[in-house]
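Worksheet: one structure, shown below.
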Amino acid sequence: MEEDSITITKLPEDCLSQIISFTSPRDACRSSLVSPVFRSAADSDDVWDKFLPSDHHEITGTAINSPVLASLTKKQLYFHLCRNPIPIANGTMSFMLDHENGGKCYMIGARALSIVWGHDSRYWRWRSLPESRFSEAALLNCVWWLDVKGKIEARKLSPQTLYAAYLVFKFVDGKVGFNRRPVQLHAHFEGSEDKNARTVYLDPSADSPRLSEEREGGWMEIEMGEFFDDRGDDGTLVFGLSEVDNFNWKRGLVIEGIELRPKK
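In structure tokens form, the structure reads like this:
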């Protein structure tokens, strides 16, 4: 009876690859440790192509370093995108994958955001910062009317996934106003009522809770809102921050961008 039985290790390699492709990146890595046959099957492009977004050719093809990306195996590409945000859209956005679930992550750089008076150097200045993934960040010189917005088509995001939008920012010396008045943060589908706008202090006093979290390079992030796309490819996500209700002068805010990523 034992001689007539067929073990999974005796299956053709393409069959093993097909089976492993229905698991997860973590399971595929574990499978590669079983045997040389499993390693060959688990590391194949057929497996890792299933873990990459279906439109990854379109996305990486617009990247500044697309020739380098094209030379990688599908497994190498997957882990490269998990560890390294790549510049797309002429360097005004970045793209990467969530290392836990492979979900799409985008950051919309400050230059791709709609910033009221953003092109007037009396109010905003553009600076190249070595700690930023973009060529320029927006430095608030002085305004009382703060209004920053961004948008992205829902079809660009991973389907059936809970997302959150995060403002990525920091302060410079001489900051003023952000401990006096809260800002409004929002993220919702365009055309729908925003029922979950948040009112937060970006620079809270010492005795108030700090809602922002630290990132690499001295940046901070704060959640603007969450959303779940159950519309398929339809719709546009809009998000932003504002403080326009009074004549409170504000300065010293630096905006790197707004990041959208699957929420844990």
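Taken in order, the sequence shown gives residues 2 to 265; the numbers are from the numbering used here. Quick reminder that beta carbons are idealized off the backbone N, C-alpha and C, glycines included. Here the structure is a predicted model, which is why all the values come from computation and not from measurement.
Give me the residue from the options with the minimum Cα distance to residue i.
i: Asp15; options: Ser41, Gly226, Phe228 and Cys30; result: Ser41
i: Phe52; options: Ile65, Gln19 and Gly62; result: Gln19
i: Leu163; options: Arg128, Asp99 and Glu132; result: Asp99
i: Asp231; options: Val38, Arg123, Ala155 and Asp46; result: Ala155
i: Val201; options: Gly192, Ser159 and Gln185; result: Gln185
Taking Cβ to Cβ, would you say residue i is nearer than 8 Å to residue j?
i: Glu260; j: Val169; result: yes
i: Glu101; j: Ala165; result: no
i: Arg252; j: Gly151; result: no
i: Arg182; j: Glu244; result: yes
i: Ile87; j: Val48; result: no
Mark residue i as exposed unless 16 or more other C-beta atoms lie within 10 angstroms of its C-beta, in which case mark it buried.
i: Val119; result: What sits at residue 119 in the sequence shown is Gly, not Val. Buried, because 16 or more other Cβ atoms sit within 10 Å of the Cβ of Gly119.
i: Pro210; result: exposed
i: Thr8; result: exposed
i: Leu82; result: buried
Give me, in chain order, the residues of the same chain whose beta-carbon lies closer than 6 Å to that of residue i; leave out the 5 immediate sequence neighbours on both sides.
i: Asp5; result: Residue confidence is low: Asp5 scores 42 on pLDDT, short of 50, so the model does not pin down where it sits. No coordinate-derived value is stated.
i: Arg216; result: Glu222
i: Gly218; result: Glu132
i: Asp246; result: none
Helix, strand or coil for residue i? Go by DSSP, reduced to three states.
i: Ser115; result: strand
i: Ala138; result: strand
i: Leu12; result: coil
i: Gln19; result: helix
i: Gly104; result: coil
Which residues in the same chain have their Cβ closer than 8 Å to the Cβ of residue i, if we skip the five residues on either side of it in sequence?
i: Ala113; result: Ala90, Thr93, Met94, Gly151 and Gly258
Taking 7 Å as the limit between beta carbons, can you name the residues of its chain near residue i, skipping five residues before and five after?
i: Asp204; result: Phe172, Lys176, Phe179 and Asn180
Closer than 8 Å, CB to CB, is residue i near chain D or not?
i: Cys16; result: No chain D is present in this structure, which holds just one protein chain.
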